[in-house]
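Okay, structure first, notes after.
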Amino acid sequence: MNTVKLTIAELRKNKGVTQSELADFLGVSFQSVSKWENGITMPDILLLPKISEYFKVSVDEVLGLKPLKNREYKSRRTDSKEHWNKQLNYLKNSRIEFCNFDEQEEIQRMLRIAREDNFKIGIHFPLNKSSYKYRDPLLLSLDKDEVMEAFEAVENEVKYASEIGAEYLLVHFPKSMVVDEELNWRKCKFSHEGETIGEKAYGFREFKNQCNYIFRGLSELSKKYKIQIVLEIEMLNKYLYQGKLLKDLLEEYSDLKLCLDSARLHVLANIDSKFDYRNFIK
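Counting along the sequence shown from 1, when you hit position 97 you're at 111 in my numbering, and nothing is skipped either side.
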């Protein structure tokens with residue numbers, strides 16, 4: 015699902031600063047800024063006000079939800095050898111997240127580079143796009159055969175990630191997304207019909223039981239293959255952002271970690287007036 019298009023690259027070039035300089039200001043790695051600009055990941059939601067203040071624009075402008083008021087381009091200064099050495103050191107002390115490769119040969123090439131240059135790596139499901147029929151495993155599907163197929167794909171990914179020495183495997187959750195049919199979802203581009211399920215078709219008790227099944231299964235895979243599993247939050251409904259279900263699951267299965275997608279939370283807050291991302295983060 016593609017919901018926003020960050021303008022950080024354009025804002026940075028207009029201001030005439032490098033990725034490393036922006037990273038230093040925000041207290042993150044050069045690699046993180048690069049991933050934001052290439053649409054691989056999103057900045058932490060708590061960083062958005064700091065980014066908007068730095069560039070003197072609104073959060074909506076940073077996320078591309080509103081056009082930039084000042085689009086005048088300013089060329090940045092020439093990068094020196096020292097600058098590129100500094101960027102390389104950033105990478106060596108950070109980690110690279112692998113995702114969505116077309117060919118196994120590409121994966122092997124990146125693994126070789128990571129070994130030679132001592133880069134830490136993480137895996138964002140799927141590592142090879144042909145390993146599963148969809149972008150994300152549909153662990154919350156109402157079709158039990160679909161759930162079993164999704165778990166099989168995740169286990170294959172976890173096993174391979176462990177074998178190649180990855181530090182973690184990241185999987186999107188919840189998928190399928192259970193959405194309130196009364197809300198306007200036009201700001202979101204869903205990739206296929208099975209990516210969402212209406213709340214009316216998925217009662218809370220059934221949803222809770224399936225979430226317990228998912229967390230328990232992922233926790234067992236994490237322990238079996240001795241690798242961290244990270245859940246990146248997708249669009250949420252009231253089952254997860256109200257009450258204690260998500261909090262209780264994370265406490266019971268504390269070996270699983272959570273990744274908050276700041277852009278998705280911001281978009282959800284604009285779609286669902288009952289969702290307050292500040293309270294959710296707390």
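We put the beta carbon where it would ideally sit given N, CA and C, even for glycine.
No experiment lies behind these values; they were computed from the predicted model shown.
query: Using the Cβ count rule (16 or more neighbours within 10 Å means buried), how would you classify Ile-295?; result: exposed
query: Which residues does DSSP list as the beta-bridge partners of Ile-243?; result: Leu-183
query: Per DSSP, which one or two residues make a beta bridge with His-280?; result: In the DSSP output, where bridge partners are listed per residue, His-280 has none listed.
query: Do you know how far the Cα of Ile-22 is from the Cα of Trp-50?; result: 8 Å
query: My output table needs one value for Asn-28: the three-state DSSP class, helix, strand or coil.; result: helix
query: Report yes if the CB atom of Phe-112 is closer than 8 Å to the CB atom of Leu-82, and no otherwise.; result: no
query: If we ignore side chains and look at the alpha-carbon of each, how far apart do Glu-265 and Asn-293 end up?; result: 18 Å
query: When the distance is taken between beta carbons, is Val-185 closer than 8 Å to Ile-243?; result: yes
query: Could you tell me the alpha carbon to alpha carbon distance between Asn-114 and Ser-276, rounded to whole angstroms?; result: 21 Å
query: Run through DSSP, which three-state label would Lys-143 get?; result: helix
query: How about the stretch 146-157 and the stretch 178-196: do they share at least three Cβ pairs that are nearer than 8 Å?; result: yes
query: Taking 8 Å as the threshold (C-beta atoms), are Gly-212 and Glu-195 in contact?; result: yes
query: Determine, using beta-carbon pairs with one atom in the stretch 241-255 and one in the stretch 213-231, whether at least three such pairs fall under 8 Å.; result: yes
query: Look up Leu-272 in the DSSP assignment and give the residues it is bridged to.; result: Leu-245
query: Give me, in chain order, the residues of the same chain whose beta-carbon lies closer than 6 Å to that of Lys-173; leave out the 5 immediate sequence neighbours on both sides.; result: Tyr-239
query: Closest by CA to Asp-157, which one among Glu-177, Phe-221 and Glu-120?; result: Phe-221
query: Would you report the Cα separation of Lys-203 and Tyr-182, rounded to the nearest angstrom?; result: 27 Å
query: For the candidate residues Arg-109, Ser-34, Asn-28 and Asn-198, whose alpha-carbon lies nearest to that of Lys-70?; result: Asn-28
query: Note down, in chain order, each residue of its chain lying with its Cβ closer than 7 Å to the Cβ of Met-124, except the 5 sequence neighbours on either side.; result: Phe-112
query: Do Ile-121 and Ala-175 have their C-beta atoms within less than 8 Å of each other?; result: no
query: Can you give the Cα-Cα distance for Glu-177 and Phe-139, rounded to whole angstroms?; result: 15 Å
query: By Cβ distance below 6 Å, which residues in the same chain neighbour Arg-57 in space, the five residues on each side in sequence not counted?; result: Residue identity check: residue 57 is Pro in the sequence provided, not Arg. If we look at Pro-57 and ignore the five residues flanking it on each side, its Cβ neighbours are Trp-50 and Ser-276.
query: In three-state DSSP terms, what is Ile-127?; result: helix
query: Per the DSSP calculation, Arg-109 is bridged to which residue(s)?; result: Lys-134
query: Figure out for me which residue from Asp-262, Asp-286 and Arg-219 has the closest Cα to the Cα of Met-249.; result: Asp-286
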